[in-house]
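Engineer:
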Amino acid sequence: MKFTPEPRTELIVGHFRVITLKIQVILPSVCGEVTRVVPRSSRPFLRTSFFYAKNLEVSKLDLLEEIKKIEKEVEEKFENVKDLDQLEDLRVEYLGKKGKISQIFSKMGQVADEKKPLVGKETNILKNKAQKMYEEIKAKKEKELKQKRLKAETIDITLPGAKVNVGHKNPFTHIIDEVVELFLGMGFSIEEGPEVENEYYNFAALNIPEDHPARDLQDTLYVDDEYLLRTHTSPVQIRTMEKQDPPIRIIAPGRVYRSDELDASHSPNFHQIEGLVIDKDISFSDLKGVIAEFVHEIYGEERKIRFRPSYFPFTEPSAEVDVSCNVCKGEGCSFCSYTGWVEVLGSGMVHPNVLRMSGLDPDVYSGFAFGMGWDRIAMLKYDIDDIRVLYENDKRFIHQF
Ligand code: PHE
Numbered sequence: 003m004k005f006t007p008e009p010r011t012e013l014i015v016g017h018f019r020v021i022t023l024k025i026q027v028i029l030p031s032v033c034g035e036v037t038r039v040v041p042r043s044s045r046p047f048l049r050t051s052f053f054y055a056k057n058l059e060v061s062k063l064d065l066l067e068e069i070k071k072i073e074k075e076v077e078e079k080f081e082n083v084k085d086l087d088q089l090e091d092l093r094v095e096y097l098g099k100k101g102k103i104s105q106i107f108s109k110m111g112q113v114a115d116e117k118k119p120l121v122g123k124e125t126n127i128l129k130n131k132a133q134k135m136y137e138e139i140k141a142k143k144e145k146e147l148k149q150k151r152l153k154a155e156t157i158d159i160t161l162p163g164a165k166v167n168v169g170h171k172n173p174f175t176h177i178i179d180e181v182v183e184l185f186l187g188m189g190f191s192i193e194e195g196p197e198v199e200n201e202y203y204n205f206a207a208l209n210i211p212e213d214h215p216a217r218d219l220q221d222t223l224y225v226d227d228e229y230l231l232r233t234h235t236s237p238v239q240i241r242t243m244e245k246q247d248p249p250i251r252i253i254a255p256g257r258v259y260r261s262d263e264l265d266a267s268h269s270p271n272f273h274q275i276e277g278l279v280i281d282k283d284i285s286f287s288d289l290k291g292v293i294a295e296f297v298h299e300i301y302g303e304e305r306k307i308r309f310r311p312s313y314f315p316f317t318e319p320s321a322e323v324d325v326s327c328n329v330c331k332g333e334g335c336s337f338c339s340y341t342g343w344v345e346v347l348g349s350g351m352v353h354p355n356v357l358r359m360s361g362l363d364p365d366v367y368s369g370f371a372f373g374m375g376w377d378r379i380a381m382l383k384y385d386i387d388d389i390r391v392l393y394e395n396d397k398r399f400i401h402q403f
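For our numbering, count along the sequence shown from 1 and bump the result up by 2.
1. On the three-state DSSP scale, how would you describe Ala-294?
2. Taking Cβ to Cβ, would you say Ser-267 is nearer than 9 Å to Ile-389?
3. By a C-beta neighbour count over all protein chains shown, 10 Å radius and 16 as the cutoff for buried, is Leu-152 buried or exposed?
4. May I ask you to report which of helix, strand or coil DSSP gives Ile-307?
5. Run the proximity test for Thr-233: is its beta-carbon closer than 8 Å to any non-hydrogen atom belonging to the ligand PHE?
6. Provide the residue(s) that pair with His-273 in DSSP beta bridges, ordered along the chain.
7. Taking only three categories from DSSP, how would you classify Gly-187?
8. Could you tell me which residues DSSP puts in a beta bridge with Asn-200?
9. For Asn-271, which residues of its own chain have a beta-carbon under 8 Å away from its beta-carbon, when the five flanking residues on both sides are left out?
10. If I follow the unbroken alpha helix (DSSP H) through Thr-125, where does it start and stop?
11. Within a Cβ cutoff of 7 Å, which residues of the same chain sit near Glu-201, ignoring the five residues on either side of it in sequence?
12. Answer with buried or exposed for Asp-213, where buried requires no fewer than 16 other C-beta atoms within 10 angstroms of its C-beta.
13. Name the DSSP bridge partner or partners of Ala-321?
14. For the beta strand (DSSP E) that contains Phe-403, what are its first and last residues?
15. According to DSSP, is Glu-77 part of a helix, a strand, or is it coil?
16. Return yes when the C-beta of Gln-402 is under 8 Å from any heavy atom of the ligand FAD, and no when it is not.
17. Mind checking Asp-218: buried by the 16 CB within 10 Å criterion, or exposed?
18. Rounded to the nearest angstrom, what separates Ile-293 and Asp-158 at their Cα positions?
19. Could you tell me if Lys-129 is buried or exposed, where buried requires 16 or more neighbouring beta carbons within 10 angstroms of its beta carbon?
20. May I have the straight-line CA-CA distance separating Val-356 from Gly-302, to the nearest angstrom?
21. What residue from Val-121, Gly-98, Glu-116 has the CA that sits closest to Lys-109's CA?
22. Drop a sphere of 10 angstroms on the beta-carbon of Arg-378, count the other beta-carbons inside from all chains shown, and report buried for 16 or more, exposed for fewer.
23. Please report how far the alpha carbon of Lys-118 lies from the alpha carbon of Leu-147, in whole angstroms.
24. Please report the Cβ distance between Ser-191 and Arg-251, rounded to the nearest whole angstrom; I am assuming they are in contact, meaning their Cβ atoms lie under 8 Å.
25. Please say whether Gly-277 and Phe-372 have beta carbons closer to each other than 9 Å?
26. In angstroms with no decimal places, state the Cα-to-Cα distance between Ser-360 and Pro-237.
27. List the residues that DSSP assigns as beta-bridge partners of Arg-251.
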């Protein structure tokens, strides 16, 4: 109980001294008047002083002031809120279940009855105001955040895009796509063989005798006494005849290796496309027909073709095929060594020994084979005068095709 010293009145009434004090009782919101009555002389029944309270009431003023105070706080804090997290904290602090505004409602019981409607109304006004402010600021902050994000994520569609480093087909791939399509159209299928080949398939089975210069260490990259990096795609002929009965019509594109120094026209690794046809009654004119089709399709209708007698141990008779030079149209230039012709492939009728070694009877079956430099096709077709550019994969070069 807190006594306020003033105003204080004292009255002498008969035997009593009556002291009246304004007090605040228990709660700061409760105030009123308490009167202390003190006996002036000792009487057995009035030994001690006693109190009685008057005008005690719960002050409406205090709650209304509190409402005002909270309203001011709400205005200030909500206006200065920095972000949505802070706003949420404020929501809990003021509008939450145990928030400051709810607390006013819970004090309502202490409000004098006649003041209750006013305090209730004011509290509701404050609550609605705070709720509205909260919602408005929330919407504003969310909008700001969205705009900030949109701005950060803006794509300037007028900016040139970052260039993606797209790959490009090497002329090799263009060639093989064309060649494969052409031969598939003529009823051929595609075969493959190992690049590390044994001596039998690469040489012996192809009727290449022990002392043949092709076997020379100078030409061949040996892995050990038996295995080597295949020097041509012709071993695929043997592998195919061994596993497949005639009729056989295959092409076999692939990598081959020779112990050559790298220069404008040689590479220790290059590519060939092998061809093999085996059936009954296959003659040289079939070979000529297929080659003519190939040359005209790949190099152009206007190209002339020349079959020049040659020698390969695995074909008999053998022929090298030349096409008229595209650079000088057959007149003779440095590209064709002033002959008017460029060599494109080796070919011939499959040697009876090769058929026999592969388990085919040369009296029943005959066939032809051809082998062409895949790199050479690309060089002749695209007038490339240096084999090395095909292997360097310089983008400036391959993007031209
Ligand atoms: N293999 C031979 C070479 O590499 C080419 C060829 C293949 C010749 C088939 C005739 C028949 O030169």
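A virtual CB, placed ideally from N, CA and C, is assigned to each residue, including glycine.
Note that the coordinates shown come from a computational prediction; the quantities given were computed from them, not determined experimentally.
Structural biologist: To lay it out plainly:
1. helix
2. Yes, they are a contact pair.
3. exposed
4. strand
5. Yes; taking the cut-off as 8 Å, the Cβ of Thr-233 has a heavy atom of the ligand PHE nearer than that.
6. Arg-257
7. helix
8. Tyr-229
9. Answer for Asn-271: Arg-257, Val-258, Tyr-259, Tyr-393, listed in chain order.
10. Segment 118 to 154, the alpha helix (DSSP H) holding Thr-125.
11. Glu-228, Leu-230
12. Counting C-beta atoms within 10 angstroms of its own C-beta, Asp-213 has fewer than 16 neighbours from the protein chains shown and is therefore classed as exposed.
13. Pro-311, Ser-349
14. Looking at the DSSP string, Phe-403 is not in any beta strand (DSSP E), and its letter there is neither H nor E.
15. helix
16. Absence of the ligand FAD is noted for the structure shown, with the ligand PHE being the only ligands found.
17. exposed
18. Across the structure, Ile-293 and Asp-158 are spaced so that their CA atoms are roughly 57 Å apart.
19. With 16 or more neighbouring CB atoms inside 10 Å of its own CB, Lys-129 falls in the buried class.
20. Their Cα atoms are separated by approximately 34 Å.
21. The candidate whose alpha carbon is nearest that of Lys-109 is Val-121.
22. buried
23. The alpha-carbon atoms of Lys-118 and Leu-147 are separated by roughly 42 Å.
24. Going by Cβ atoms, the distance from Ser-191 to Arg-251 rounds to 7 Å, so yes, they are a contact pair.
25. yes
26. 11 Å
27. Partner residues in the beta bridge of Arg-251, as assigned by DSSP, are Val-279.
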